[in-house]
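Written out below as structure tokens is the structure these notes cover.
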Amino acid sequence: MTHTLDVGLGDRSYPIFIEDGIMASVGADLAKRKIAKRFAVIADDNVARLYGSTLLRSLSDAGIAAELLSFPRGEASKNLQVFAELASRLAQLGIDRKDGLIALGGGVTGDLTGFLAASYLRGIPFVQVPTTLLSQVDSSVGGKTGVDIPEGKNLVGAFYQPKAVYIDTAVLTTLPLQELLGGLAEVIKYGVIRDFDFFVFLERHLDKILCLDQASIQEMISTCCRIKANVVAADERESDLRRILNFGHTIGHAVEAASDFSIIHGLAVAIGMVAALRLAVACELCKKSDAGRVAALINAFGLPTEIPADLDRERIKKYLLTDKKTVAGSVFYVLPTAIGSVVITNEVSEAQVDAVLSRR
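Numbering-wise (the working numbering), the sequence shown opens with residue 88 and increments by one.
The following block contains the structure:
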């Protein structure tokens, strides 16, 4: 069964397709859409080995020329040096404005490829074929692209929407457990910020989700994409509403960076969500019972809830101040008021933040 939904952005609207095994038919659909005459498929070395030939065969069978370009896997590759190396390889291949890119992989690949598409020849089309749960439910949708610099995550980038997103749920069976769990952190986020009924669905279907039951997984991914598509359609460039998608990310990004990315993004977001829940309780915005219920679900999925004791708290605070959501030196937090509702506020004292960070 194929789940289909649209991100409504006027003449930049695009479809999201969710199906078990859809990667084999990406080429046929792209041929009908006439997005580009040929594609450069960009993937990290691990994903290139696992899925590169499947996607290239799909494109070839549809009469679409394609080249596969790979780079070393990991967040450490999401930088300006790898970006420049890939841009040079595109130029050497003679990629022009009638050609396009395909991001085959997780969030790093999607962010890097999207920024490359936005910048190369001042913009060429690209599509997303996300292969991690985190990228399927979050980073492949919405057009946020970019790279990291030493001062922080995602500080250089652009808003640039894909032409289509193809989500193959079959690939989740090859994900390492940590990567699957990291994606589940973003899944829980959607229930907390926007949809109480979805939060209840996650509580009730926890075992089926962890067993990768296809019906539950497809319903879960479809709901996350629908929520994000609605938020992005209302606020594409994060001037207001879209900021709610950063629940757990403010402290989460700081924890991730302070760990030198040894803590993967999704696990850092889980830690950041629990920290945000504690801030919400401290600020008397959220009932302790609601915060406890969310923390219990995060824990039940096997996600971390505490900042590692050996992580430098002062370094975390330094990264908080360089977060891209910081305005005029004031850090903004997305804090729950109830399950399914959040507020964006900078009315959080340094003492309250210190109290949350100092928990061991």
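Note that CB positions come from ideal geometry on N, CA and C, so glycine has one too.
Own chain residues within Cβ distance below 7 Å of residue i, not counting five before or after
{"i": "valine 368", "result": "Lys375, Ala378"}
{"i": "leucine 390", "result": "Leu268, Leu271, Ala272, Leu354, Ala357"}
{"i": "threonine 218", "result": "Val134, Tyr138, Leu191, Gly192, Gly193, Val258"}
{"i": "phenylalanine 170", "result": "Leu199, Phe202, Leu203, Val234"}
Where residue i sits in the DSSP three-state scheme
{"i": "histidine 352", "result": "helix"}
{"i": "glycine 187", "result": "strand"}
{"i": "aspartate 255", "result": "strand"}
{"i": "isoleucine 308", "result": "helix"}
{"i": "alanine 123", "result": "coil"}
{"i": "isoleucine 105", "result": "strand"}
{"i": "isoleucine 358", "result": "helix"}
{"i": "isoleucine 151", "result": "coil"}
{"i": "leucine 422", "result": "strand"}
{"i": "leucine 96", "result": "coil"}
{"i": "threonine 232", "result": "strand"}
{"i": "leucine 242", "result": "strand"}
{"i": "leucine 156", "result": "strand"}
{"i": "glycine 278", "result": "helix"}
{"i": "phenylalanine 286", "result": "helix"}
{"i": "glutamine 248", "result": "coil"}
{"i": "threonine 260", "result": "helix"}
{"i": "isoleucine 431", "result": "strand"}
{"i": "aspartate 225", "result": "helix"}
Candidates the options: closest to residue i by CA position
{"i": "leucine 271", "options": "Arg160, Leu384, Asp255, Val94", "result": "Leu384"}
{"i": "glutamate 172", "options": "Leu146, Ala153, Leu199", "result": "Leu199"}
{"i": "tyrosine 138", "options": "Arg176, Ala115, Leu259", "result": "Leu259"}
{"i": "isoleucine 394", "options": "Thr141, Ile338, Gly181", "result": "Ile338"}
{"i": "arginine 120", "options": "Arg184, Asn133, Val169, Pro212", "result": "Pro212"}
{"i": "valine 435", "options": "Ser140, Leu407, Arg446", "result": "Leu407"}
{"i": "isoleucine 426", "options": "Glu238, Ala118, Lys276, Leu92", "result": "Lys276"}
{"i": "leucine 96", "options": "Thr219, Glu437, Ala174, Val228", "result": "Val228"}
{"i": "proline 263", "options": "Leu293, Phe283, Leu221, Glu238", "result": "Leu221"}
{"i": "isoleucine 236", "options": "Ala111, Glu371, Phe348, Gln215", "result": "Phe348"}
{"i": "alanine 178", "options": "Leu142, Ala127, Val216", "result": "Ala127"}
Proximal residues to residue i (C-beta, below 8 Å), its chain only, five neighbours per side dropped
{"i": "isoleucine 331", "result": "Ile280, Arg281, Val318, Val421, Val429, Ile431"}
{"i": "alanine 363", "result": "Phe334, Gly335, Thr337, Ile338, Tyr420, Val421, Leu422, Pro423"}
{"i": "valine 443", "result": "Ile338, Ala362, Arg365, Leu366, Ala369"}
{"i": "glutamate 238", "result": "Thr409"}
{"i": "asparagine 433", "result": "Val414, Ser417, Val418, Phe419, Tyr420"}
{"i": "glycine 197", "result": "Ala190, Gln215, Pro217, Ser222, Ser226, Ser227, Thr232"}
Local Cβ density within 10 Å of residue i, reported as buried at 16 or more and exposed below that
{"i": "cysteine 298", "result": "exposed"}
{"i": "methionine 360", "result": "buried"}
{"i": "phenylalanine 334", "result": "buried"}
{"i": "lysine 315", "result": "buried"}
{"i": "leucine 208", "result": "exposed"}
{"i": "aspartate 186", "result": "buried"}
{"i": "glycine 181", "result": "exposed"}
{"i": "serine 145", "result": "buried"}
{"i": "threonine 232", "result": "buried"}
Cβ-based neighbour list, residue i, same chain, cut-off 6 Å, excluding 5 preceding and 5 following
{"i": "arginine 329", "result": "Val318, Asp322"}
Cβ contact check for the segment 198-210 and the segment 286-302: 3 or more pairs under 8 Å: no
Inter-stretch contact at 8 Å, needing at least 3 Cβ pairs: the segment 394-410 / the segment 338-352: yes
Stretch-stretch touch, CB-based, cutoff 8 Å, three pairs: the segment 237-247 with the segment 150-161: Contact fails: fewer than three Cβ-Cβ distances are below 8 Å.
Meets three-Cβ-pair contact criterion under 8 Å: the segment 125-137 and the segment 190-197: yes
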